[in-house]
Amino acid sequence: MDLIPGATTCGSGLSAERTRMEVAAHNLANAHTTRTADGQPFKRSQVILESASMGGDDGFESKLAGVRVADVIEDSRAPKQIYAPHHPDADGNGMVQTPDISPMEEMLDMITASRSYEANLSVLRQGRSMAERTIDILRQGG
Amino acid sequence: MIDPVQLNSALQQAQQAASADRLQSTATPAAGGASFEEMFSRLIQDVDQAQKVADDSIKSLATGDNQALHDVVLKLEEADLTFKLMKEIRDKLVQAYQEVISLQS
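Residue numbers (the working numbering), protein chains in the order written: chain F, -8 to 133; chain Y, 2 to 106.
Here's what the structure looks like:
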């Protein structure tokens, strides 16, 4: 039974924003990572979202779409060069390659992700209260 | 965490109430449709199913299989609302039954 209107759609929105939050955390945590498994400095990740049909059979429902994480890709920005000759990852000139991650940018991503999450939660809350109030009609004097 | 719906006693009450309904309106099941009794027991099964789904998702969250908290919350809300709907319909039926009984006195 599908009592809450928009439940699946805003559920997909919540998952997507959750992923964006995780990626922002992943980027912030690795802001100073100079080595990864492939020997390169860490590269910032980015979430690509796409709309996904929520599986309505026909009519308008098939046109309603939720959202889905299409991919998490690596940012193409070149690493920053920092002079640190005693660093074990420094090259012959004493330069260390560090990821080009701006904490401010990540903070901004984090804030937009959490606000969008809240927006999706509001949809869920409203949908639930619509269903609840409809059920309340059955109650005596409701 | 969530008790399974007491299918038997709820069904009994539903049957009593449904027969009371029939007394009141001398209605026969709508042509082509399922009888009211069938429909209501299907509703109870739906409630039971929703509660089991919610229970399972709580379990999977607690054991770490499922990381999506909002999925669990959604399922709990769905189960809660389905139960409320069934309860309200049951209350309505019992009320109709009691009204029929009070006709006799």
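Every residue gets a Cβ at the ideal spot worked out from N, C-alpha and C, and that includes glycine. Predicted model only: the values in this text are computed from it and were never measured.
| What in chain F is Cβ-close to I1 (chain Y), meaning under 8 angstroms? | Outside the shown range of chain Y, which is 2 to 106, sits residue 1 (chain Y), and nothing can be said about it.
Practice item. Give a yes or no on whether 8 angstroms exceeds the smallest Cβ distance from S93 (chain F) to chain Y. Key: no
Buried or exposed for I(-5) (chain F), please, with buried defined as at least 16 other CB atoms from any protein chain shown within 10 angstroms of its CB.
-> buried
Going by C-alpha to C-alpha distance, which of Y:D92, Y:S42 and Y:A80 sits closest to V54 (chain Y)? Y:A80
Would you mind sorting N140 (chain F) into buried or exposed? The rule is 16 or more other CB atoms within 10 Å of its CB. Because chain F spans -8 through 133 in this model, residue 140 (chain F) falls outside it and cannot be assessed.
**Request:** In the DSSP assignment, find the unbroken alpha helix (DSSP H) run with G2 (chain F) in it and report its ends.
**Result:** A(-2) to A20
T125 (chain F) burial status per 10 Å Cβ neighbour count (16 or more: buried):
Counting Cβ neighbours within 10 Å, T125 (chain F) comes out exposed, since fewer than 16 surround it.
Point to revise | Separation of D66 (chain F) from R11 (chain F), as counted between CA atoms | key: 14 angstroms
- Query: Would you call the CB atoms of L129 (chain F) and C1 (chain F) closer than 8 angstroms?
  - Reply: Going by C-beta atoms, L129 (chain F) is not nearer than 8 angstroms to C1 (chain F).
Inset, instruction - Please report the Cβ distance between A56 (chain F) and M45 (chain F), rounded to the nearest whole angstrom; I am assuming they are in contact, meaning their Cβ atoms lie under 8 angstroms. - result: 6 angstroms
Problem set entry | Distance CB(P90 (chain F))-CB(K34 (chain F)) smaller than 8 angstroms | yes
Neighbourhood of S6 (chain F) by C-beta distance below 6 angstroms, restricted to the same chain and skipping five residues each side | none
- Message: Output needed in chain order: residues of the segment 58 to 73 of chain Y with a Cβ under 8 angstroms from some Cβ in chain C.
- Response: Absent from the structure is chain C; the protein chains it does hold are F and Y.
For R26 (chain F), the nearest candidate out of F:D80, F:Q37 and F:A75 (CA to CA)
F:D80
(message) Using only the alpha-carbon positions, how far apart do Q117 (chain F) and V74 (chain Y) sit?
(response) 15 angstroms
Starting from the beta carbon of E109 (chain F), find every residue of chain Y whose beta carbon is closer than 8 angstroms, and list them in chain order. Those within 8 angstroms of E109 (chain F) in chain Y number zero; the least Cβ separation is about 12 angstroms.
(request) Would you kindly check if the distance between the Cβ of L70 (chain Y) and the Cβ of L62 (chain Y) is under 8 angstroms? (result) yes
Where does E39 (chain Y) land, buried or exposed, given buried means 16+ other C-beta within 10 angstroms? Result: exposed.
Closest to A104 (chain F) by CA distance: which of F:I39, F:T(-1), F:E8 and F:D(-7) is it? Among F:I39, F:T(-1), F:E8 and F:D(-7), the Cα nearest to that of A104 (chain F) belongs to F:E8.
### Query
Which stretch, first to last residue, makes up the alpha helix (DSSP H) that contains A80 (chain Y)?
L70 to Q105
Whose C-beta lies closer than 8 angstroms to the C-beta of D49 (chain F) among residues of the same chain, with five residues either side of it excluded?
none
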